[in-house]
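A short worksheet on the structure shown next.
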Amino acid sequence: MDIKSIFYEKVINEINLLPANKLSEIYDFIHYFRLGLQNNDINSNDSIKYAGCWQDMDDNSFNDLINEVYNNRKKAFLERRNNDTNFN
Numbered sequence: 118m119d120i121k122s123i124f125y126e127k128v129i130n131e132i133n134l135l136p137a138n139k140l141s142e143i144y145d146f147i148h149y150f151r152l153g154l155q156n157n158d159i160n161s162n163d164s165i166k167y168a169g170c171w172q173d174m175d176d177n178s179f180n181d182l183i184n185e186v187y188n189n190r191k192k193a194f195l196e197r198r199n200n201d202t203n204f205n
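All residue numbers for the sequence shown refer to this note's numbering, where the first residue is 118 and numbers rise by one.
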């Protein structure tokens with residue numbers, strides 16, 4: 118018996134032990150978990166398209182880009198932190 122069959126059997130056994138009124142929650146969990154895995158695969162493939170796109174960029178432009186990204190992230194983090202600490 119392969120590892121997939123072993124875990125498949127274990128999952129089915131656990132599901133069979135659940136009360137019927139909880140099965141819809143289990144279905145939703147499994148369904149959305151699977152969709153999340155598919156979305157991760159799609160997003161990973163989309164990201165690969167950009168691999169090496171900065172290869173032809175000169176050093177000054179690349180450094181400007183890195184500094185801009187750093188500053189934007191820092192600004193976003195500070196704004197988020199300020200929003201989290203404001204208790205109006």
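Note that beta-carbon positions come from the ideal geometry of N, C-alpha and C, so glycine has one too.
Do residue j and residue i come within 8 Å of each other at the CB atom, strictly closer than that value?
i: I129; j: I143; result: no
In whole angstroms, give me the CA-to-CA distance for residue i and residue j.
i: Q172; j: L182; result: 13 Å
i: I120; j: H148; result: 21 Å
i: N209; j: Y187; result: Examination of residue 209 is not possible in this model, given that the chain is present from 118 through 205 alone.
i: G169; j: F179; result: 13 Å
i: N189; j: G153; result: 28 Å
i: G150; j: S141; result: Rather than Gly, the amino acid found at residue 150 in this sequence is Phe. Their backbone Cα atoms lie some 14 Å apart in a straight line.
i: K192; j: N184; result: 12 Å
i: F146; j: E196; result: 33 Å
i: E126; j: N138; result: 21 Å
Below 7 Å, is the gap between the Cβ of residue i and the nearest heavy atom of the ligand FMN?
i: N133; result: Because no ligand of any kind appears in the structure shown, any question about the ligand FMN cannot be addressed here.
Skipping 5 residues on each side, what residues in its chain have a beta carbon closer than 8 Å to that of residue i?
i: D175; result: none
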